[in-house]
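Data first, discussion second: the structure below is written as structure tokens.
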Amino acid sequence: MTRATVVGAGMTEFGQHDRPLTELFADAAIPALADAGVGTDEIDALYFGNAMGGQTETDTHLAPAIGTHLGLGGVPCQRFEDACATSSTAFKQAVEAVEAGVHDTVLVGGVERCTPATGLDTAAMTEVFASATHRQYEQPTGLTFPGVFALFTKRHMHEYGTTEEQLAAVAVKNHRHGKANPYAHFGKDVTVEEVLEGPTVADPFRLLDCCPFSDGASAVVVTNPERAETVAGEPVAVAGVGHRTGTVPLAEKESLTATRPAREAATEAYDQAGVDPDAIDLAEVHDCFTGAEVLATEALGLIEDGRGGPAAAAGRTERGGEIPVNPSGGLKAKGHPIGATGTGQIAELTEQLRGAAGDRQVENATRGVAHNLGGDAATTVVTVMEAVA
Amino acid sequence: MSEREPPITYADWRQALEDDALLGLECRCGAVTATPKRACPACGSRELAARELPTTGTVDSETTIAVPPAGHDSGTVAVVDLGPARLLGRIDGAVEIGDRVVFAGARTADGEPAPVFEPEEN
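From first to last, the protein sequence lines stand for chains A and B.
Per this note's numbering, numbering of the first sequence is gapless, rising by one per residue and ending at 734.
Per this note's numbering, numbering of the second sequence is gapless, rising by one per residue and ending at 123.
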């Protein structure tokens, strides 16, 4: 069943942008409105995501500044923060508000700047990111986010025999996918050997196992199915949105490899859509690190538990493979401007399910899933979208 | 409405750590947690009692962080299974998954203490 409809999507290129958050977000929001064929006077609310602006550029209470910059008048504008899942929780709220009839049409999106264009170097930005680990029981150990996902991945390697070569295959695939995406931060041919020869960030992850620090913005226009029939933008249906929360600190999770919130959110989203994982044609998943994609493909039920590594190495998750994963290049190559990542995935599914994804189009894509996690996966949002016949 | 005082707070946990002890909570359901909370993560009960945790455990997972955050040095962190509960700590030495480790006090970087474990001598 259709819960709500996306009628417009816009993105900036993910990469390095040296301009204010208001201006960067407008460069995604205005294309989204234009794509939808919706005027700013038809927007009933702004649900806006930005995770770290207070820390990175001394910029908070951004929603009114964005609303004013875009000419949204006095409609309610609010900001969301759930680490890397920031704009997905905003999107979930928008879907629920439209479904409930609270608003007819909502502009949803996010923006973030994480590159040295902010004036912060790698150590400083690593510290800002690490603020999303537990303040008392994790940060004092010197834990980083590469470290968080390294702990999960090394346990997966121990339990299932996943290898560094299989992890590298995820990076090789996503970089190759990124080459076909004009919005991507990176896109190039790299080899497994090049990944394995890179400098270590947190073992087993080397530099090319890790997504980049990126700047960028993304936005989508969400409306109800009736309204969707009256606007110019080609509609894509939101059939399910699951959202679950896990235990922090990470040592207290039931399992280091299961990402339980992702499993539960996926079940919720699939149930709402009335489908099984085998009905999914493509997936955009949160590959902040290569190991995270392995865990995600298993949690979503797209690949058998423990087989995520071999599946990537065998090409099962290539565009054109059995289940294309991250045809956009994913966070790994497309980039990861924290607050923009969630709705960036929704924008990608929108283009794919319209058949408008150009060189990166997945053939015959009629149903896609997005998986966006925050922190150590303790926040996970899974969204199922469908082409409208 | 009256509500029981928390059996332990962060301040108690931190003081214990600095006094070379690991302090946790045990619920009447049997679940043990290695960090203070107002309710049991397993069953939600607020009938929790303070308890000392074992000071030896097994490495569940570990990684060596080569690119640390500002204010920290590179080094190894591990999830240590203490038996009744698991805890994240800093490792002084080299370990692999499955290795036995022993609690070795607190390490303070950037103002707050973290538990330190080292390989158990055979």
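All C-beta atoms, glycine included, are put in the ideal place defined by N, C-alpha and C.
Which class does residue i belong to by DSSP, given the choice of helix, strand or coil?
i	result
ILE625/A	coil
MET730/A	strand
PRO682/A	coil
ILE9/B	coil
GLY353/A	strand
ILE411/A	helix
ASN717/A	strand
GLN706/A	coil
HIS522/A	helix
PHE531/A	coil
THR602/A	coil
PRO120/B	strand
GLN511/A	helix
If we ignore side chains and look at the alpha-carbon of each, how far apart do residue i and residue j end up?
i	j	result
LEU49/B	THR36/B	12 Å
ASP560/A	ALA516/A	20 Å
LEU407/A	GLY464/A	20 Å
GLN421/A	ALA656/A	Just to set this straight, residue 421/A is Pro in the shown sequence, not Gln. PRO421/A and ALA656/A: Cα-Cα distance of roughly 45 Å.
PRO549/A	ALA442/A	42 Å
VAL456/A	ALA562/A	4 Å
PHE494/A	LEU488/A	10 Å
ILE375/A	GLY355/A	7 Å
THR450/A	TYR392/A	11 Å
GLN16/B	VAL33/B	19 Å
TRP14/B	ASN526/A	50 Å
ALA603/A	ALA644/A	7 Å
ALA40/B	GLY591/A	15 Å
VAL78/B	PRO491/A	12 Å
VAL102/B	ALA115/B	15 Å
GLY416/A	VAL593/A	40 Å
PRO365/A	GLY419/A	22 Å
TYR505/A	GLN511/A	12 Å
VAL68/B	LEU552/A	10 Å
Cα-Cα, which of the options is closest to residue i?
i	options	result
GLY532/A	THR724/A, ASP704/A, GLU579/A, MET356/A	ASP704/A
ALA12/B	LYS38/B, VAL33/B, ARG29/B	LYS38/B
VAL565/A	ALA710/A, ASP372/A, GLN361/A, GLN481/A	ASP372/A
PRO95/B	THR109/B, ASP74/B, GLU63/B	First, the residue type needs correcting, since residue 95/B is Ala and not Pro in the sequence shown. With distances taken between Cα atoms, ALA95/B lies closest to GLU63/B.
VAL639/A	VAL546/A, VAL535/A, THR507/A, THR536/A	THR507/A
THR686/A	HIS414/A, GLY666/A, CYS633/A, THR662/A	CYS633/A
ALA22/B	GLU97/B, THR65/B, GLU53/B, PRO69/B	GLU53/B
GLY713/A	ALA637/A, ALA722/A, ASP650/A, ALA611/A	ALA611/A
GLU444/A	VAL567/A, GLU504/A, LYS679/A	VAL567/A
GLY680/A	MET346/A, LEU415/A, CYS459/A	CYS459/A
SER433/A	GLN706/A, LEU512/A, GLU629/A, GLY646/A	GLU629/A
ALA582/A	ARG500/A, LEU647/A, GLY454/A, VAL440/A	VAL440/A
GLN361/A	HIS530/A, PHE425/A, ALA477/A	HIS530/A
ASP650/A	LEU718/A, GLU731/A, ARG608/A, GLU613/A	ARG608/A
GLY72/B	ALA475/A, GLN400/A, LEU378/A	ALA475/A
ASP82/B	ALA110/B, GLY106/B, THR10/B, ASP61/B	ASP61/B
THR57/B	ASP20/B, ARG47/B, ASP100/B	ASP100/B
Tell me whether residue i is buried or exposed, calling it buried when 16 or more other Cβ atoms sit within 10 Å of its Cβ.
i	result
ASN709/A	exposed
THR536/A	exposed
GLU597/A	buried
LEU470/A	Per the sequence shown, residue 470/A should be read as Met rather than Leu. So MET470/A ends up on the buried side.
ARG91/B	buried
MET502/A	buried
GLY585/A	buried
GLY84/B	exposed
PRO485/A	buried
MET397/A	buried
GLY587/A	buried
ASP386/A	exposed
SER673/A	buried
GLU574/A	exposed
Mind pulling the chain B residues with CB within less than 8 Å of residue i?
i	result
ALA467/A	Before going on, a small fix: residue 467/A reads as Thr here, not Ala. Going along chain B in sequence order, the residues near THR467/A (Cβ under 8 Å) are VAL68.
ALA475/A	PRO70
Which residues of chain B have a Cβ atom closer than 7 Å to the Cβ of residue i, listed in chain order?
i	result
HIS681/A	Residues of chain B passing the Cβ test: none, with the nearest at roughly 16 Å.
HIS503/A	ILE98
VAL472/A	Here residue 472/A is Glu; the residue named in the question, Val, does not match the sequence. Going along chain B in sequence order, the residues near GLU472/A (Cβ under 7 Å) are PRO70, ALA71, GLY72.
Under 9 Å Cβ-Cβ, which residues of chain A neighbour residue i?
i	result
THR36/B	HIS479, GLN481, TYR482, PRO594, ALA596, GLU597
LEU88/B	TYR482, PRO594, ALA596, GLU597
GLU113/B	ARG480, GLN481, GLN484, PRO485
What residues from chain B crowd round residue i, counting only those whose CB sits closer than 9 Å?
i	result
VAL546/A	ILE66, ALA67, VAL68
ARG500/A	ASP61, SER62, VAL80, ILE98
LEU676/A	Simply none; closest approach about 17 Å.
LEU541/A	The premise fails here: LEU541/A is roughly 15 Å from chain B at the closest Cβ pair, so nothing lies under 9 Å.
Please list the partners that residue i has in chain A, where partner means a Cβ-to-Cβ separation under 8 Å.
i	result
VAL78/B	THR486, GLY487, LEU488, GLY492, LEU496
ASP74/B	GLY487
ARG91/B	THR486, GLY487
Listing by chain order, which chain A residues have their CB less than 7 Å from the CB of residue i?
i	result
PRO42/B	THR592, GLU597
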